[in-house]
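Everything in the sequence shown is counted per the numbering used here, starting at 56 for the first residue and increasing by one.
Ideal Cβ placement from N, Cα and C applies to all residues, glycine included.
Notes to accompany the following structure.
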Amino acid sequence: MSLRVLTGITTTGTPHLGNYVGAIRPAILASQQPATESFFFLADYHALIKCDDPDRIERSRLAIAATWLAAGLDTSRVVFYRQSDIPEIPELTWLLTCVTAKGLMNRAHAYKASVDQNELAGNEPDDGVTMGLFSYPILMAADILMFNANKVPVGRDQVQHIEMARDVAQRFNHLFGKGQQFFVLPEAVVDEAVATLPGLDGRKMSKSYDNTIPLFEGGPKGLRDAIARIVTDSRLPGEPKEPEGSNLVAIYDAFATPAERESFRAELRAGLAWGEAKQRLVALLEREIGPMRARYEALIADPAKIEAALQEGARKARAIATPLLAQLREAVGLRTMAAPVQAAAKVEKAAASQPVFKQYREADGRFYFKLTAAQGHLLLQSAGFDGGRDAGQWVAKLKKEGAAALAGAPVTAAEGVSADEIAAALASFAED
Ligand code: TRP
56 MSLRVLTGIT TTGTPHLGNY VGAIRPAILA SQQPATESFF FLADYHALIK CDDPDRIERS
116 RLAIAATWLA AGLDTSRVVF YRQSDIPEIP ELTWLLTCVT AKGLMNRAHA YKASVDQNEL
176 AGNEPDDGVT MGLFSYPILM AADILMFNAN KVPVGRDQVQ HIEMARDVAQ RFNHLFGKGQ
236 QFFVLPEAVV DEAVATLPGL DGRKMSKSYD NTIPLFEGGP KGLRDAIARI VTDSRLPGEP
296 KEPEGSNLVA IYDAFATPAE RESFRAELRA GLAWGEAKQR LVALLEREIG PMRARYEALI
356 ADPAKIEAAL QEGARKARAI ATPLLAQLRE AVGLRTMAAP VQAAAKVEKA AASQPVFKQY
416 READGRFYFK LTAAQGHLLL QSAGFDGGRD AGQWVAKLKK EGAAALAGAP VTAAEGVSAD
476 EIAAALASFA ED
């Protein structure tokens with residue numbers, strides 16, 4: 056059973072080398088793992104919170120989409136889309152907004168930071184705070200819950216938002232779930248192994264420090280010029296240099312093989328000039344980035360290709376979002392009036408029909424079980440077991456541990472049945 060990994064990229068800037076090493080490259084690598092389903096999206100509604108310059112939003116969306124595609128994201132394997140192409144997300148945001156305590160939002164770091172700054176400056180506490188900024192964690196919760204993501208890779212500053220998404224999900228499940236878990240509780244993943252790349256001045260590479268190395272912007276010359284500005288110590292050519300702690304070496308490391316790291320260190324200790332070292336770094340970066348840059352430029356020259364890829368992603372994303380939102384609307388009482396159902400009768404019926412496991416023996420003498428949905432259709436079919444006990448133990452394990460027990464379970468999902476439907480059916484046993 057696959058793990059759903061989801062992350063969003065706010066579209067306010069253009070990617071730099073730090074974004075590539077810290078986020079884009081590891082995310083693309085992770086998306087190539089078997090048994091993971093990756094969802095990557097351009098968080099362009101989030102961008103509107105921070106930026107009211109339409110041209111900048113437009114440019115950034117294009118640059119970020121082209122960067123991910125050029126860096127090797129395989130859109131046939133992952134769902135790559137724009138948040139703003141999924142109308143179900145703002146709709147879910149509202150449903151969640153109505154169950155989110157204002158007090159929870161008061162505690163959000165991003166909002167509190169603005170209030171603190173205002174207080175320091177002697178302003179009204181909410182000066183310059185929009186409702187977009189204040190409610191931002193609810194939009195983010197909708198991004199995540201809409202696709203029932205299990206894991207959300209984020210920077211440390213975002214962990215609180217994932218915790219808020221869990222809170223909101225639990226509240227919604229509790230209020231409207233009636234024994235059904237609409238939302239999976241997501242977990243933040245902060246990758247400690249991925250080093251944060253230092254910038255030109257040795258501090259963390261970040262737009263806000265103005266110390267970035269552009270990824271594609273400015274072409275090969277832009278890259279060379281930025282590298283020329285990396286700060287080093289003042290040791291002269293021929294003088295031994297200490298590689299450890301040098302930001303130039305840290306950047307080199309992020310692109311080099313272990314053998315290359317070794318020999319670069321040895322050369323620096325033997326007196327390699329910093330100017331030479333910078334040329335080596337340019338060559339090393341070009342090895343990885345050069346081919347990507349060519350793809351990036353081809354994509355930027357043909358943005359209709361990017362648009363088509365994103366439209367395809369939106370189609371895949373909505374195939375998941377639309378049915379879930381329909382269920383949620385139903386759950387909160389936004390129901391059709393064409394076929395009114397008496398609420399009470401309906402609840403009784405729902406209680407009577409639940410997903411069931413059936414164990415049985417086939418003509419081949421082996422023992423089997425299957426899981427059928429409350430509506431009667433098949434969800435899971437087991438393989439054959441030699442003994443009835445083995446089948447029974449698997450049933451017990453699936454009931455107890457839910458979807459988590461599916462990995463390794465000798466079962467196959469029925470055709471056309473989503474992982475979510477199976478997970479929800481299994482979850483119904485856990486609550487009994
Ligand atoms: N807020 C995130 C950031 O600034 C971006 C983001 C928006 C996101 N929605 C998300 C990340 C959902 C993970 C999941 O980095």
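Taking DSSP's pairing of strands, which residues face residue i in a bridge?
i: residue 412; result: 426
i: residue 63; result: 96
i: residue 126; result: According to DSSP, residue 126 bridges with nothing at all.
i: residue 313; result: Looking at the DSSP assignment, residue 313 forms no beta bridge with any residue, so it has no partner.
i: residue 437; result: 466
i: residue 207; result: 243
i: residue 71; result: 269
i: residue 136; result: 96
i: residue 91; result: 58
i: residue 295; result: Its beta-bridge partners do not exist; DSSP assigns none.
i: residue 259; result: 253
Using CA atoms only, rank isn't needed, just tell me which of the options is closest to residue i.
i: residue 331; options: 358, 291 and 149; result: 291
i: residue 192; options: 213, 463 and 451; result: 213
i: residue 107; options: 185, 436, 83 and 92; result: 185
i: residue 78; options: 368, 476, 208 and 359; result: 208
i: residue 410; options: 387, 379, 457 and 392; result: 457
i: residue 419; options: 439, 394 and 109; result: 439
i: residue 264; options: 256, 270 and 271; result: 256
i: residue 448; options: 413, 427 and 386; result: 413
i: residue 116; options: 301, 188, 428 and 138; result: 138
i: residue 210; options: 221, 246 and 128; result: 246
i: residue 335; options: 164, 242, 319 and 226; result: 319
i: residue 483; options: 471, 272, 244 and 239; result: 239
i: residue 163; options: 195, 177 and 367; result: 195
i: residue 416; options: 394, 391, 442 and 428; result: 442
i: residue 242; options: 453, 61, 471 and 436; result: 61
i: residue 234; options: 408, 173, 268 and 452; result: 408
i: residue 141; options: 376, 206, 86 and 266; result: 376
i: residue 66; options: 105, 89, 199 and 301; result: 105
i: residue 126; options: 155, 82 and 101; result: 82
i: residue 478; options: 340, 459, 464 and 173; result: 459
i: residue 316; options: 339, 215 and 369; result: 339
i: residue 531; options: 113, 109 and 89; result: The shown model of the chain, from 56 to 487, leaves out residue 531, and the question about it has no answer.
i: residue 85; options: 168, 181, 244 and 444; result: 244
i: residue 462; options: 286, 90 and 63; result: 90
i: residue 198; options: 217, 428 and 180; result: 217
i: residue 329; options: 148, 394, 389 and 301; result: 301
i: residue 215; options: 167, 153 and 109; result: 167
Check the C-beta distance from residue i over to residue j and give it rounded, since I have them as a contact under 8 Å.
i: residue 131; j: residue 92; result: Contact flag wrong, Cβ pair sits at about 12 Å.
i: residue 373; j: residue 146; result: Incorrect: roughly 12 Å between the Cβ atoms, too far for contact.
i: residue 365; j: residue 135; result: 7 Å
i: residue 437; j: residue 425; result: 7 Å
i: residue 188; j: residue 165; result: 7 Å
i: residue 160; j: residue 190; result: 6 Å
i: residue 205; j: residue 59; result: 5 Å
i: residue 200; j: residue 387; result: Not confirmed; about 14 Å, so no contact.
i: residue 237; j: residue 383; result: 6 Å
i: residue 282; j: residue 360; result: About 31 Å separates the two Cβ atoms, so there is no contact after all.
Who are the near neighbours of residue i in its chain, counting only those whose CB is closer than 8 Å to its CB and skipping five residues on each side?
i: residue 252; result: 72, 73, 76, 77, 259, 260, 305, 306 and 309
i: residue 324; result: 295, 296, 297 and 298
i: residue 279; result: 337
i: residue 446; result: 414, 422, 423, 424, 437 and 440
i: residue 369; result: 136, 137, 140 and 141
i: residue 480; result: 410, 426, 428, 429 and 434
i: residue 170; result: 180, 181 and 184
i: residue 87; result: 129 and 132
i: residue 476; result: 428 and 434
Spatial neighbours of residue i within its chain, please: CB distance less than 6 Å, with the 5 preceding and 5 following residues excluded, ordered by chain position.
i: residue 469; result: 433 and 434
i: residue 69; result: 118 and 272
i: residue 467; result: 436
i: residue 101; result: 65
i: residue 225; result: none
i: residue 223; result: 151, 155 and 196
i: residue 371; result: 134
i: residue 472; result: 434
i: residue 269; result: 71 and 277
I'd like the list of long-range same chain contacts for residue i, defined as Cβ closer than 7 Å, with 5 residues on each side in sequence excluded.
i: residue 266; result: 254, 255, 256, 258 and 260
i: residue 464; result: 449 and 453
i: residue 19; result: In the structure as shown, the chain begins at 56 and stops at 487. Residue 19 is therefore absent and cannot be evaluated.
Count the CB pairs spanning the region 354-372 and the region 122-129 that are closer than 8 Å, and state whether there are at least three.
yes
Count the C-beta pairs between the region 285-305 and the region 341-350 that are closer than 8 Å, then say yes if the count reaches three, no if not.
Too few Cβ pairs lie closer than 8 Å, so no.
Stretch-stretch touch, CB-based, cutoff 8 Å, three pairs: the region 95-104 with the region 221-241
no
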